[in-house]
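Below is one structure, written out as structure tokens, with a few remarks after it.
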Amino acid sequence: MSTVRKAVVVGGNRIPFARSNGAYAMSSNLDMLTAALDGLVARYGLQDERIGELAAGAVLKHSRDFNLTREAVLGSSLSPETPAYDVQQACATGLETVLGLSDKIKLGRIESAIAGGVDSASDAPIVVSEGLRHALLELNRAKTLQQKLKAVSKIRPKDVTPVAPGTNEPRTGLSMGEHQALTTVQWNVTREAQDELALASHRNLAEAYERGFFDDLVTPYRGLTRDSNLRADTSLEKLAKLKTVFGRQLGDRATMTAGNSTPLTDGASTVLLASEDWAQSRDLPILADVVDGEAAAVDFVHGKDGLLMAPVFAVARLLGRLGLTFEDIDYFEIHEAFAGTVLSHLAAWEDEEFCRERLGLDGALGKVDRAKLNVNGSSLAAGHPFAATGGRIVASLAKQLHERGEVDGRPARGLISVCAAGGLGVAAVLEAR
Amino acid sequence: MSAPARGIETVELPEMPSLSRLYVGAAREAAKKLVGKGKGRATLPAARHHVTGVLPDLVKMTEYQALLSETKLDIAPAGYLHALSFPAAMSVMGRDDFPLPLLGMVHLRNHVEYRKPVLYRDLLDVTAWAEGLIGHRAGTQVDVVTEVRHAGSDDVVWRGVSTYLAKGVFLPSVDKPRVAEPREEFRAPLPTALWRLGSETGREYAAVSGDFNPIHLSSISARALGMRRSIAHGMYTASRALAEVGAQKGDAFAWDVKFEAPVFLPARVCLNIGDSTDAHGAWVHSAFVGWSPTSGRRHFVGSVERL
């Protein structure tokens, strides 16, 4: 214990991401996570292996899946003696599993780990209304026939309507898109800039598929071999034709469309992490080191900051701790919840006043070189099955870093940031091996 | 309780009066008024209504907390104490010598000082009276004051002043309507929250507050009183804004709200809450405003302030 050593990324595996109510409409979170896990097991020869620990999670999770990750282990060809636990930190779930497990490896508590995440917007848990739920609970507590009848008599016709989960923030009633629409206006992000970012995402993802980049990162599932949201042939003209879907009450200041926002998506991802010894003793590749991570949260409820602005703070603190600047970063993986989110982050980091007053820096954090941003596409093109996004990014970035090797005599370095509901954000730094 | 000024009679009520009976009385009086020509009196009753030993109803308070999205703490929400003490205020307005008709009164403004926390198991004394009868360009307005004390104590822990307008009622010898105040131009800020209020909102708040004024219950009962649809209780919107100001307001605060355009149900209401802090970053004040995203009209505007 207490020996701080390196935690490395061996590789990753995911299933192609599918737009909701498409190829995976009949697959549950457990099905998809198990499929992604089985692909990882097959790729790295982990059959019957007792892994140190598995952590994964889902944002939209049915209460029967209280042990989702452990159930996925039992449904996979890993040793059934592999322990597992669930994590839930909204869209940062996947990245948080990587960071938490890496810390356990660094501390010497475990030798190997699998991080992951899954989400299904198609197979979402539907719950009964609060009225019906309270009546049923009262019925359950009732002892006499009279009490039972009284409980049942409280059910009203409108209570019978089931309730599907929404993406509304509980404290504001605004959907994530509506929140981002406000932030997008506050940071003066234009429709054109958002459409350009969306186009770059589709082009970069399509090119990465074309050159075979995802061949050892993605396992086909249910007939899909590529992410079904990918539009290789999209163009600025096509994106410009789409109607705005969020922030309509803003009138002509509304700029967010289905093209520059992520769609509801189904999918799962996994990442194999290990100590250097464990990977080397099994002749497994080492793609990257998990250097460090940082979580942040913003006070968005009364609009002090935008809902999805926490990564701005997480990144600044993380780079500060590591003594790094944007000049030291070769790849920026900024999760594209919405094009407006990424562009608001970039604008904040370029804003001297904001960086001085809110980030406590001497001046602007800096400008992100667009040629280094989301080079293999991101969520706008691939889609965004909430908890699965972190694993997708970590595995892709680790591979990209490994391919690049060294930059100016030092290991290539990548920065990840993921925004999440509740005003949360998580950032991480990886370095090439 | 402190002794009222000389010449003011204290009326001891044996228990909290029934609001439904008060509304029936008000309706009867309204029917009479169609024949007669108002009461014509221009003074307020020189009386304070006093109820001792009032206990919050934990079931009702819990339902109130659930409806207004308040965390279910043991401390009674400020708006729940308004609802709890409201029948005493209504009984003052329902007196035969009260100069304004009770039904159809418009709630213009509400100011509450919640000085010390009240727990659901605290026994309370409630005192209510009317004061400040003055002319308004559209009728006559009056303040109804309600004070809540811990039973047997002199310290006021909760004090509410509700300002009502009797529209179109002009009393002799009450000063002439003032010149209309210039209307503030309202430009909607960016919202920080959105409420989706269903047509059941009025009935749900009536159930937890006991305020069954027919204008809030259904479009049919509202139309009977000249409204085109039912409207949300002003205190529902104010209480929900208060709940959304959140835990930062602490245990002692003042809560003020001015009601403007009514919220016809069902409705979407945009809300903006802006916080201000002192030099140390501690919360001192939140301003809130609610408006219609469709018409752009302001429904209410108010503030919560540290006491």
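If you read the protein sequences in the order shown, they are chains A and B. Everything in the first sequence is counted per the numbering used here, starting at 6 for the first residue and increasing by one. Everything in the second sequence is counted per the numbering used here, starting at 17 for the first residue and increasing by one. Built from N, CA and C at the ideal position, the CB exists for glycine as well. Since this is a predicted model, take the numbers as computed values, not measurements.
Query: Residues near A/L222 in its chain [Cβ-Cβ closer than 7 Å; skip 5 each side]; Result: G17, N18, R19, A400, S401 and K404
Query: Nonlocal neighbours in the same chain, by C-beta distance under 7 Å from B/H315, ignoring five residues either side; Result: T253, E276, A277, V279, V285, G306, W307 and S308
Query: Within-7 Å CB hit, B/P4 to chain A; Result: Only positions 17 to 323 of chain B appear in this structure, which leaves residue 4 of chain B out of reach.
Query: Straight-line gap, A/S422 to A/K372 (C-alpha atoms, nearest Å); Result: 15 Å
Query: First through last residue of the beta strand (DSSP E) which encompasses A/L141; Result: Segment E135 to R146 is the alpha helix (DSSP H) holding A/L141; no beta strand (DSSP E) there.
Query: Distance between B/L38 and A/A301 (C-alpha atoms, nearest Å); Result: 54 Å
Query: A/E332, DSSP secondary structure in three states; Result: helix
Query: Nearest-angstrom Cβ-Cβ length linking B/L233 and B/P282, presumed shorter than 8 Å; Result: Not confirmed; about 14 Å, so no contact.
Query: Of the listed residues A/K246, A/L327 and A/K159, nearest to A/E143 (C-alpha basis); Result: A/K159
Query: Local conformation of A/Y226 per DSSP, three classes; Result: strand
Query: 7 Å Cβ cutoff, A/T177 in contact with chain B; Result: yes
Query: Reduced DSSP category for A/W192 - H, G, I as helix; E, B as strand; rest coil; Result: coil
Query: Any chain A beta carbon closer than 7 Å to B/W145; Result: no
Query: Proximity winner among B/W211, B/H296 and B/D272, relative to B/V317 (alpha-carbon distances); Result: B/D272
Query: Interface positions of the segment 239-271 of chain A facing chain B (Cβ-Cβ less than 7 Å), listed along the chain; Result: Q254
Query: DSSP state of B/H331 mapped onto helix, strand, coil; Result: The question about residue 331 of chain B has no answer here: the residues shown for chain B are numbered 17 through 323.
Query: Burial state of A/Q52 (16 or more Cβ within 10 Å); Result: exposed
Query: Neighbour flag for B/T217 against chain A, beta carbons, 7 Å; Result: no
Query: CB of A/E183 within 7 Å of CB of A/F71, strictly; Result: no
Query: Presumed contact (8 Å Cβ cut-off) between A/Q93 and A/V123, rounded CB distance; Result: That belief does not hold up - the Cβ atoms of A/Q93 and A/V123 are roughly 12 Å apart, past 8 Å.
Query: Members of the segment 180-208 of chain A near chain B, C-beta cut-off 8 Å; Result: E183, L187, V190 and Q191
Query: Cβ of A/H389 within 7 Å of any chain B Cβ; Result: no
Query: Buried or exposed (CB count within 10 angstroms, at least 16 for buried), B/H296; Result: exposed
Query: CB-CB length for B/A270 against B/E201, believed under 8 Å; Result: That belief does not hold up - the Cβ atoms of B/A270 and B/E201 are roughly 26 Å apart, past 8 Å.
Query: One or two residues paired with A/V276 in a DSSP bridge; Result: A/G17 and A/A120
Query: Assigned exposure category for A/R24 - 16 Cβ within 10 Å defines buried; Result: buried
Query: Cα-Cα separation, B/L100 to B/S225; Result: 7 Å
Query: Whole-angstrom distance between A/S127 and A/G27, CA atom to CA atom; Result: 8 Å
Query: 7 Å Cβ shell around A/A156 - same chain, five flanking residues per side excluded; Result: A140, E143, L144 and A147
Query: Distance between beta carbons of A/S107 and A/A12, contact taken as under 8 Å; Result: 4 Å
Query: A/N381, DSSP secondary structure in three states; Result: coil
Query: Beta strand (DSSP E) segments (min. 3 residues) lying fully within the segment 393-436 of chain A; Result: 418-425
Query: C-beta neighbour in chain B for A/L429, strict 7 Å; Result: no
Query: Residues that B/Y180 bridges to, as DSSP identifies them; Result: B/H123 and B/V158
Query: Min CB distance B/W299 to chain A below 7 Å; Result: no
Query: Whole-angstrom distance between B/I289 and B/L135, CA atom to CA atom; Result: 27 Å
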